[in-house]
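**Student:**
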Amino acid sequence: MKLLTQKLPSQIAIQETPPPSTNKDPLIARNLQKEQYIGIIGLAIALIAAVGFFSRRVEYAIVFAIILSAVLIAFFLFV
Numbered sequence: 010m011k012l013l014t015q016k017l018p019s020q021i022a023i024q025e026t027p028p029p030s031t032n033k034d035p036l037i038a039r040n041l042q043k044e045q046y047i048g049i050i051g052l053a054i055a056l057i058a059a060v061g062f063f064s065r066r067v068e069y070a071i072v073f074a075i076i077l078s079a080v081l082i083a084f085f086l087f088v
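Numbering of the sequence shown is given in the numbering used here, commencing with residue 10 and proceeding in unit increments.
(1) Given this structure, state the Cα-to-Cα distance separating residue 74 from residue 81, to the nearest angstrom.
(2) Is the separation between the beta-carbon of residue 44 and that of residue 57 shorter than 9 Å?
(3) Just how far apart, CA to CA, sit residue 52 and residue 25?
(4) Under DSSP, the alpha helix (DSSP H) around residue 2 begins and ends at which residues?
(5) For residue 71 versus residue 60, is the C-beta distance shorter than 9 Å?
(6) Please work out which residues of its chain come closer than 6 Å, Cβ to Cβ, to residue 40, disregarding the five sequence neighbours upstream and downstream, and give them in chain order.
Listed below in structure tokens is the structure:
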């Protein structure tokens, strides 16, 4: 019952703290993003080539799934 009789703080007393400056954060690697994308794409191509070496049908299925996924992602992002 004490909660109902307590006085609420005024709106002036509630202040939002400003977000920290993200440009000076040493824990975020900002220049490595391009190299990471290149490495991921290279690994994907190597994986498809390795699977294609053993089975051409599986390679075609993987390539088809990747292309279909990219098309669906683009479709749902822009609709």
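The C-beta atom is built at its ideal place from N, Cα and C for all residues, glycine as well.
**Tutor:** According to the data block:
(1) Position 65 of the sequence shown, counted from the start, is the residue given in the question as residue 74. Position 72 of the sequence shown, counted from the start, is the residue given in the question as residue 81. So the two alpha carbons sit approximately 10 Å from each other.
(2) Numbered from 1 along the sequence shown, position 35 holds the residue referred to as residue 44. Numbered from 1 along the sequence shown, position 48 holds the residue referred to as residue 57. Cβ atoms of residue 44 and residue 57: not closer than 9 Å.
(3) Looking up residue 52 in the sequence shown gives position 43. Looking up residue 25 in the sequence shown gives position 16. Using only the alpha carbons, I get a separation of about 44 Å.
(4) This structure cannot speak to residue 2, because the chain is shown only from 10 to 88.
(5) Taking the sequence shown and counting its residues from 1, the one referred to as residue 71 is at position 62. Taking the sequence shown and counting its residues from 1, the one referred to as residue 60 is at position 51. Taking 9 Å as the Cβ cut-off, residue 71 and residue 60 qualify as a contacting pair.
(6) Here residue 40 refers to the residue found at position 31 of the sequence shown. Within the same chain, residue 40 has no close Cβ partners at all.
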